[in-house]
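Note sheet for the following structure.
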């Protein structure tokens, strides 16, 4: 409902966000890979979450990355040569957390190389798979029970047909096919 | 897009409500249902609390 009605006053969580910036000292990580550098800096800065994106300049002394977890986004701009990191921390309220739980996957269709790098993202992903699997079982067992109840077959067939038609309508209408 | 989301949320709410109704009606399944319901809620809360921090 929050996703569907983002303009409802209570659902517009972005307006009620809290932002905080800070500058913290760091030591240059020994790692060379972007993810390894980001994780080293996260340990130093006491941040945990999913590394969303990383960027560094050609010289390699400016490194920035974003860390996300439901309800909280932290942008880190690290000056590796200067030994400091600027942090911008954005927090949203419970409605924002509810909304981000629907988007929080740790993967991106635009960046297929990016994998889940936070163990809680993997746990969350597994939980979502379990929910999807449960829904498949629910549908399959419902179909089986419906088929066994001969008296309900005609009514069930009508509802099943209506559901299938409306699903296909949305799939075509939204351009998935 | 909006209608699809609405259908999704309404069907989820309907599934949950009918599931809880059937579970309360079926007295023989009440105990195991309570265990599953409790463990589901507990695991959801634990994961969300750990992620939100």
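Protein chains in written order, with this note's numbering: chain F, 12 to 188; chain P, 144 to 196. We put the beta carbon where it would ideally sit given N, CA and C, even for glycine. These numbers were taken from a predicted model, which means no experiment stands behind them.
- residue 196(P) versus 29(F), 63(F), 58(F), residue with shortest Cα-Cα distance: Here residue 196(P) refers to the residue found at position 53 of the second chain. Ranking 29(F), 63(F), 58(F) by Cα distance to residue 196(P) puts 58(F) first.
- By how many angstroms is the C-alpha of residue 176(F) removed from the C-alpha of residue 63(F)? Your numbering for residue 63(F) matches position 52 in the first chain. Your numbering for residue 176(F) matches position 165 in the first chain. Using only the alpha carbons, I get a separation of about 38 angstroms.
- Proximity winner among 167(F), 148(F), 133(F), relative to residue 194(P) (alpha-carbon distances): Numbered from its first residue, the second chain carries residue 194(P) at position 51. The option with the nearest alpha carbon to residue 194(P) is 133(F).
- Between the C-alpha atoms of residue 153(P) and residue 42(F), what's the straight-line distance to the nearest angstrom? The residue you call residue 153(P) lines up with position 10 of the second chain. The residue you call residue 42(F) lines up with position 31 of the first chain. Rounded to the nearest angstrom, the gap between the Cα atoms of residue 153(P) and residue 42(F) is 49 angstroms.
- Message: Just to confirm my understanding: we take residue 172(P), look at its own chain, exclude 5 residues before and 5 after, and list those with CB closer than 8 angstroms. What are they?
- Response: Taking the second chain and counting its residues from 1, one reaches residue 172(P) at position 29. Closer than 8 angstroms at Cβ, skipping near neighbours: 166.
- Message: Between the alpha carbons of residue 189(P) and residue 137(F), how many angstroms are there, rounded?
- Response: What you label residue 189(P) is simply residue 46 of the second chain in a count that begins at 1. What you label residue 137(F) is simply residue 126 of the first chain in a count that begins at 1. In this structure, the straight-line span from the alpha carbon of residue 189(P) to that of residue 137(F) is close to 14 angstroms.
- Message: Looking only at its chain, what residues have a beta carbon closer than 8 angstroms to the beta carbon of residue 47(F), apart from the 5 residues adjacent to it on each side?
- Response: Residue mapping note: residue 47(F) aligns to position 36 of the first chain, counting from 1. If the five residues before and after residue 47(F) are omitted, its C-beta is found closer than 8 angstroms to the C-beta atoms of 40, all from its own chain and listed in chain order.
- What separation, rounded to the nearest whole angstrom, lies between the Cα atoms of residue 102(F) and residue 157(F)? In the first chain, counting from the first residue as 1, residue 102(F) sits at position 91. In the first chain, counting from the first residue as 1, residue 157(F) sits at position 146. Computed Cα separation, rounded: 47 angstroms.
- Task: Quick one: grab the DSSP three-state call for residue 75(F).
- Result: Along the first chain, read from residue 1 onward, the residue named residue 75(F) stands at position 64. It is a strand residue.
- Query: How about residue 81(F) and residue 119(F): are their beta carbons less than 8 angstroms apart?
  - Reply: Position 70 of the first chain, counting from 1, holds the residue named residue 81(F). Position 108 of the first chain, counting from 1, holds the residue named residue 119(F). Remark: C-beta atoms of residue 81(F) and residue 119(F) do not approach each other more closely than 8 angstroms.
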